[in-house]
Amino acid sequence: MTAQSLSKERLRLWLRMLRVTRQTESILRERLRTEHDTTLPRFDVMAALYADKDGLKMNELSRRLRVSNGNVTGIVDRLVEDGTVERIAIEGDRRATRVCLTPAGRETFSAMAVEHERWINALFEGVGEEDAHHIGELLHCLPTTAHDPD
Numbered sequence: 016m017t018a019q020s021l022s023k024e025r026l027r028l029w030l031r032m033l034r035v036t037r038q039t040e041s042i043l044r045e046r047l048r049t050e051h052d053t054t055l056p057r058f059d060v061m062a063a064l065y066a067d068k069d070g071l072k073m074n075e076l077s078r079r080l081r082v083s084n085g086n087v088t089g090i091v092d093r094l095v096e097d098g099t100v101e102r103i104a105i106e107g108d109r110r111a112t113r114v115c116l117t118p119a120g121r122e123t124f125s126a127m128a129v130e131h132e133r134w135i136n137a138l139f140e141g142v143g144e145e146d147a148h149h150i151g152e153l154l155h156c157l158p159t160t161a162h163d164p165d
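The letter at position 117 of the sequence shown is residue 132 when you use the working numbering, and the numbering goes up by one with no holes.
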C-alpha cells in the first residue's frame with residue numbers, strides 16, 4: 016500500500032467513524048428527549064456521578080467529561096432543580112463543592128441506563144461480540160489525546 020492510498024483509507028475511516036457517531040448520537044439525543052425528557056449532556060453528567068458513588072468535585076466532573084466548568088455548572092444547576100443531584104460543601108474548602116446523585120437521581124439514571132444500553136444494542140445489532148471486541152481493539156490504536164500534526 017502506498018502512502019497516498021494509506022492516507023485515503025485513513026480519511027475514509029475518519030469519515031465513516033464520524034458519520035456513525037453523528038447518526039448514533041442524534042438517535043440517542045432524540046430518544047433521551049422524547050422518552051426521558053432529558054438531554055445527552057445531562058445523561059453524561061448523571062453517568063459520571065453514577066460511576067462515582069461518593070460524587071465528584073465540579074472541576075473533576077468537568078475534567079472527566081472534557082467540558083468547561085461553566086457547561087457543567089449549568090447542567091448541574093438544572094439537575095439540582097430536578098432533585099436528581101445535590102451539592103455538598105467540602106469541609107475546609109468554601110469554594111469547592113462535591114456533587115452526587117440523590118437516591119432519586121440514582122434510580123432515574125439506572126432506568127435510563129437500561130434503556131440506553133438497549134438502544135445501543137439495537138443500533139449495533141449487526142455487529143457481533145467478536146467484531147465489537149475487534150473494532151474496539153483496533154480503535155485503541157488511535158491516539159487518545161489530540162495533537163496538531165503540523
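Even for Gly, the Cβ is constructed at its ideal location relative to N, Cα and C.
Quantities reported herein were computed from a predicted structural model and do not represent experimental measurements.
Test: residue i CB closer than 8 angstroms to a CB of chain C
i: residue 126; result: Absent from the structure: chain C. Only one protein chain is present.
CA-to-CA distance, residue j to residue i, given in whole angstroms
i: residue 48; j: residue 120; result: 17 angstroms
i: residue 156; j: residue 59; result: 25 angstroms
i: residue 146; j: residue 136; result: 14 angstroms
i: residue 86; j: residue 53; result: 16 angstroms
i: residue 33; j: residue 72; result: 32 angstroms
i: residue 24; j: residue 153; result: 15 angstroms
i: residue 140; j: residue 149; result: 15 angstroms
i: residue 19; j: residue 158; result: 21 angstroms
Beta-bridge partners of residue i, as assigned by DSSP
i: residue 217; result: One cannot answer for residue 217 here, as it falls past the ends of the chain, which runs 16 to 165.
Closest by C-alpha distance to residue i, when choosing among the options
i: residue 117; options: 96, 32 and 129; result: 96
i: residue 62; options: 123, 153, 137 and 139; result: 123
i: residue 133; options: 68, 90 and 39; result: 39
i: residue 70; options: 32, 103, 149 and 31; result: 103
i: residue 74; options: 31, 88, 152 and 54; result: 88
i: residue 45; options: 143, 153, 131 and 159; result: 131
i: residue 55; options: 76, 41 and 66; result: 41
Okay, do the segment 126 to 144 and the segment 94 to 110 touch, 3+ Cβ pairs below 8 angstroms being the bar? The answer is no - the segment 94 to 110 does not touch the segment 126 to 144, with fewer than three Cβ pairs under 8 angstroms.
Along the chain, which unbroken stretches of the beta strand (DSSP E) at least 3 residues long are found entirely within the segment 42 to 129? 100 to 105 and 108 to 116
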